[in-house]
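Chains as they are written, first to last, in my numbering: chain R, 27 to 267; chain C, 52 to 167.
Right, here's the structure in full:
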């Protein structure tokens with residue numbers, strides 16, 4: 027049996043009201059209902075009769091939801107400006123986290139800048155792997171998960187969310203932190219060069235087709251994972267297209 | 052039987068009563084509804100569920116301040132009046148008193164009422 031005022035929660039969320047306000051309103055209604063039932067019981071009514079009377083006194087759930095919406099319940103940023111929430115903010119956040127990742131990697135790897143990953147002590151190899159994993163996979167996955175969580179929690183229509191997930195996947199597929207081994211040459215000791223783009227080498231030279239293919243595959247895998255998770259949650263919460 | 056809602060001309064009255072009652076002590080929604088019923092001898096009955104939309108609107112306007120408190124294992128939100136709420140109450144009370152006097156004058160048929 028659903029908890030009382032579940033339909034109020036759904037109506038408010040689908041109207042774009044903030045989850046925080048919705049939770050508070052529903053909690054207060056439930057507390058009020060419990061008080062009314064308690065007072066009915068204290069007046070000698072049975073449990074069923076006290077509950078029924080309390081529900082009548084509270085009014086229809088649809089009316090309670092409409093009253094809150096008409097009284098100006100606060101609407102969330104995601105409902106008011108979905109493009110900002112699901113496209114602009116994730117991309118800005120993505121850029122900020124990538125920059126922070128690059129700066130911290132430069133700082134931490136400075137002592138071993140002239141070594142290839144194979145020559146580095148173990149702890150630096152772990153750092154290179156962690157920094158690369160964060161930039162190539164983790165930022166994108168976390169941002170997609172965040173967008174999906176907000177969209178589902180607030181029962182939002184999906185248009186801008188698909189756009190946002192697509193863009194996060196594309197950007198994550200294109201950019202990251204990639205170490206390249208530079209062999210020693212005359213006048214240069216060699217070491218590791220880091221690029222923000224995954225450069226795929228074929229026969230010792232960067233191949234544009236292979237690089238673009240790798241980016242597309244990377245983006246498609248991330249988008250596929252995000253889309254599957256989002257689609258499953260949309261079905262679970264019966265969200266409108 | 053559910054209580055009948057108050058007619059349309061009661062618009063603004065719940066706000067006035069809430070601001071008055073909360074000047075004496077902080078209360079949560081259920082207490083406010085019961086207090087209004089008790090103080091008015093059941094003449095004014097605020098919808099049990101609707102009280103929260105009025106409380107939240109007053110809170111958004113800065114007239115009320117909420118405070119979460121745990122009482123007997125239950126989490127309650129108590130409301131109290133702010134300085135803004137006090138000013139709002141004085142304005143509302145004055146308007147209402149003038150209006151009530153004007154209506155009384157009309158009903159008694161005794162001359163002109165003061166302008167609002």
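Glycine is no exception: its CB is placed at the ideal position from the N, C-alpha and C atoms.
{"Check": "C-beta neighbour in chain R for residue 80(C), strict 7 Å", "Outcome": "yes"}
{"Check": "Beta bridge counterpart(s) of residue 95(R) as assigned by DSSP", "Outcome": "BP columns for residue 95(R) are empty, so no partner."}
{"Check": "Whole-number beta carbon distance between residue 187(R) and residue 112(R), since they are thought to touch under 8 Å", "Outcome": "5 Å"}
{"Check": "Closest residue to residue 70(C) among 132(C), 149(C) and 146(C) (Cα-Cα distance)", "Outcome": "132(C)"}
{"Check": "6 Å CB neighbourhood of residue 134(R) in its chain, flanking five on each side removed", "Outcome": "153"}
{"Check": "Stretch-stretch touch, CB-based, cutoff 8 Å, three pairs: the stretch 78-85 of chain C with the stretch 74-81 of chain R", "Outcome": "no"}
{"Check": "Identity of the residues DSSP links to residue 219(R) by a beta bridge", "Outcome": "206(R)"}
{"Check": "Distance between residue 50(R) and residue 42(R) (C-alpha atoms, nearest Å)", "Outcome": "15 Å"}
{"Check": "Proximity of residue 91(R) and residue 38(R) at Cβ, strictly below 7 Å", "Outcome": "yes"}
{"Check": "Boundaries (first-last residue) of the beta strand (DSSP E) holding residue 130(C)", "Outcome": "125-132"}
{"Check": "Residue 184(R) - DSSP class collapsed to helix/strand/coil", "Outcome": "coil"}
{"Check": "CB contact below 7 Å: residue 104(C) versus chain R", "Outcome": "yes"}
{"Check": "Extent of the continuous alpha helix (DSSP H) to which residue 115(R) belongs", "Outcome": "115-135"}
{"Check": "Spatial distance of residue 207(R) from residue 139(R) (CA atoms)", "Outcome": "11 Å"}
{"Check": "Residue-level contact to chain C via CB, residue 46(R), 7 Å cutoff", "Outcome": "no"}
{"Check": "Chain-ordered neighbours of residue 111(C) on chain R, where CB pairs are closer than 8 Å", "Outcome": "98 and 100"}
{"Check": "Cross-strand partners of residue 121(C) (DSSP beta bridge)", "Outcome": "126(C)"}
{"Check": "Where residue 127(C) meets chain R, residues with beta-carbon distance less than 7 Å", "Outcome": "57"}
{"Check": "Short-range partners of chain C found in the stretch 61-93 of chain R, where Cβ spacing is below 7 Å", "Outcome": "61, 62, 82, 83, 84, 85, 90 and 93"}
{"Check": "Proximity to residue 104(C) [Cα-Cα], best of 60(R), 72(R), 54(R) and 68(R)", "Outcome": "54(R)"}
{"Check": "Beta-bridge pairing of residue 116(C) - partner residues as DSSP gives them", "Outcome": "131(C)"}
{"Check": "9 Å Cβ cut-off: residues of chain C touching residue 51(R)", "Outcome": "103, 104 and 107"}
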